[in-house]
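Q: Residue numbering for the sequence shown follows the numbering used here, starting at 2 and increasing by one per position.
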Amino acid sequence: MSACEGFEDKTGWNGWLENISGELSGVESSPLSRIADTIIEKARLHRGDHILDLGAGTGLLTARAARAVGGEGSVTALDSSPECIEKMQSDSVIMGVGNVLPVLGRLENLPFDPGAFDAVVCRSALIYAEDLKNAVRELSRVLAAGGRFSVCEPLAGESEWKGEMGEAGPLFLQIEDVLRKSGGLRSADRHSVRDAFKQAGLEFDSLVVRFVISMEGRDAEEVAREYLNDLPGELSASNILRKSFEEPVIVQVAEAFGRAAADGRIRGGLPCLYVWGTRVG
Ligand SMILES: C[S@@+](CC[C@H](N)C(=O)[O-])C[C@H]1O[C@@H](n2cnc3c(N)ncnc32)[C@H](O)[C@@H]1O
Numbered sequence: 002m003s004a005c006e007g008f009e010d011k012t013g014w015n016g017w018l019e020n021i022s023g024e025l026s027g028v029e030s031s032p033l034s035r036i037a038d039t040i041i042e043k044a045r046l047h048r049g050d051h052i053l054d055l056g057a058g059t060g061l062l063t064a065r066a067a068r069a070v071g072g073e074g075s076v077t078a079l080d081s082s083p084e085c086i087e088k089m090q091s092d093s094v095i096m097g098v099g100n101v102l103p104v105l106g107r108l109e110n111l112p113f114d115p116g117a118f119d120a121v122v123c124r125s126a127l128i129y130a131e132d133l134k135n136a137v138r139e140l141s142r143v144l145a146a147g148g149r150f151s152v153c154e155p156l157a158g159e160s161e162w163k164g165e166m167g168e169a170g171p172l173f174l175q176i177e178d179v180l181r182k183s184g185g186l187r188s189a190d191r192h193s194v195r196d197a198f199k200q201a202g203l204e205f206d207s208l209v210v211r212f213v214i215s216m217e218g219r220d221a222e223e224v225a226r227e228y229l230n231d232l233p234g235e236l237s238a239s240n241i242l243r244k245s246f247e248e249p250v251i252v253q254v255a256e257a258f259g260r261a262a263a264d265g266r267i268r269g270g271l272p273c274l275y276v277w278g279t280r281v282g
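(1) May I ask you to report which of helix, strand or coil DSSP gives Thr59?
(2) Classify Phe258 as helix, strand or coil using the three-state DSSP reduction.
(3) Just to check my reading of the structure: Asp190 and Gly147 have Cβ atoms closer than 8 Å, yes? What is that Cβ distance to the nearest angstrom?
(4) Under a Cβ-count criterion, where at least 16 other Cβ atoms within 10 Å of its own Cβ denotes burial, should Leu127 be classed as buried or exposed?
(5) Residue range of the alpha helix (DSSP H) that Val143 falls in?
(6) Cβ of Asp80 versus every heavy atom of ligand 1: is any distance shorter than 6 Å?
(7) Would you list, in sequence order, the uninterrupted alpha helix (DSSP H) runs of no fewer than 4 residues that lie entirely inside the stretch 116-180?
(8) Determine the contact status of Ala66 and Ile52, defining contact as a CB-CB distance below 7 Å.
(9) Residues in its own chain within less than 8 Å of Met166 by CB, not counting five upstream and five downstream?
(10) Would you mind stating whether Val137 and Ala197 have Cβ atoms separated by less than 7 Å?
(11) Is any heavy atom of ligand 3 found at a distance shorter than 6 Å from the C-beta of Arg65?
(12) Quick check: is any heavy atom of ligand 1 less than 6 Å from the C-beta of Cys85?
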């Protein structure tokens, strides 16, 4: 596994999304690829367009956008992780894709001219920005007048768990409450994401789709680790929780959560918000 994929593992949410079942089940493709296809469809890409993929990771959207715009167009794949950029560079060479331009950079301060792109796509990256509103203002700035944007973000602040946690249940609810109010990844909710688009002056449609997260059959210790390290460093759940709980309590609850999730005794609900529109003027 590359260090870039390692980043996604540390967030937890990507791995969990791959275990989604539920509302969209019955369609023969993974939930992640269905989400990616929907984002691309709503961006209404044309051959020859110049596209920006924000927080491109390992290129889930980049590859689809590159196919849609063809050789006359281009896809700029921006990410803050050097490992992701290196991986995208070597993958483009291996696959003989000539219209992908990987760029190291940050969502909060995009290294592009105003109006540089015909469309911007993004999946599960804006919520990691240090300043969500600033990141969406930047998205708007680099879009040409009449340019389209299409985004899907997991609303970790609205995630919920249903089932039987046993004795650890009441403490688990308290811990989840602290995480929701933390200002970290797990505080992302539909209002803060929509507000960021409104304040950037963008008109948009939006849709919330709720996915069911099942971790049945996973390794319980790994699930507990993911739960506590949803973001690297300062913003990890364990770091946030240390300000309100004793370390042994955090470990005990995370382990109980890991066992209950891996045994299939509890399942999660994770709403994801699609936002799409056109930049007017
Ligand atoms: C959950 S991954 C999503 C990757 C990809 N969009 C996908 O759909 O698979 C989040 C990505 O956002 C990138 N990222 C996080 N914070 C960022 C920032 N402030 N600026 C640019 N990229 C960032 C990470 O490096 C990571 O590749």
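Just so it is clear, CB atoms sit at the ideal spot from N, CA and C, and this is done for glycine as well.
A: Here's the rundown:
(1) Counting from 1 along the sequence shown, the entry for residue 59 is found at position 58. In this structure, Thr59 counts as coil in the three-state DSSP scheme.
(2) Working through the sequence shown from its first residue, we reach residue 258 at position 257. It is helical.
(3) The count along the sequence shown starts at 1 and reaches residue 190 at position 189. The count along the sequence shown starts at 1 and reaches residue 147 at position 146. Rounded to whole angstroms, the Cβ separation of Asp190 and Gly147 is 30 Å, and the two are not in contact under 8 Å.
(4) Sequence index remark: in the sequence shown, residue 127 carries index 126 (1-based). By the 10 Å Cβ count, Leu127 comes out buried.
(5) Against the sequence shown, residue 143 aligns to sequence position 142. Note, Val143: premise wrong, no alpha helix (DSSP H); not H, not E.
(6) Here residue 80 is taken as the residue at index 79 of the sequence shown, counted from 1. Asp80: yes, Cβ under 6 Å from ligand 1.
(7) Within the stretch 116-180, the complete alpha helix (DSSP H) segments at least 4 residues long are 133-142, listed from N- to C-terminus.
(8) For the purposes of this step, residue 66 is taken as the residue at position 65 of the sequence shown. For the purposes of this step, residue 52 is taken as the residue at position 51 of the sequence shown. In this structure, the beta-carbon distance from Ala66 to Ile52 falls below 7 Å.
(9) What you label residue 166 is simply residue 165 of the sequence shown in a count that begins at 1. If we look at Met166 and ignore the five residues flanking it on each side, its Cβ neighbours are Phe173, Ala257, Phe258, Ala261, Arg266, Ile267.
(10) Looking up residue 137 in the sequence shown gives position 136. Looking up residue 197 in the sequence shown gives position 196. In this structure, Ala197 lies closer than 7 Å to Val137 by Cβ.
(11) Ligand 3 is not part of the structure shown, which contains ligand 1 as its ligands.
(12) Taking the sequence shown and counting its residues from 1, the one referred to as residue 85 is at position 84. Yes.
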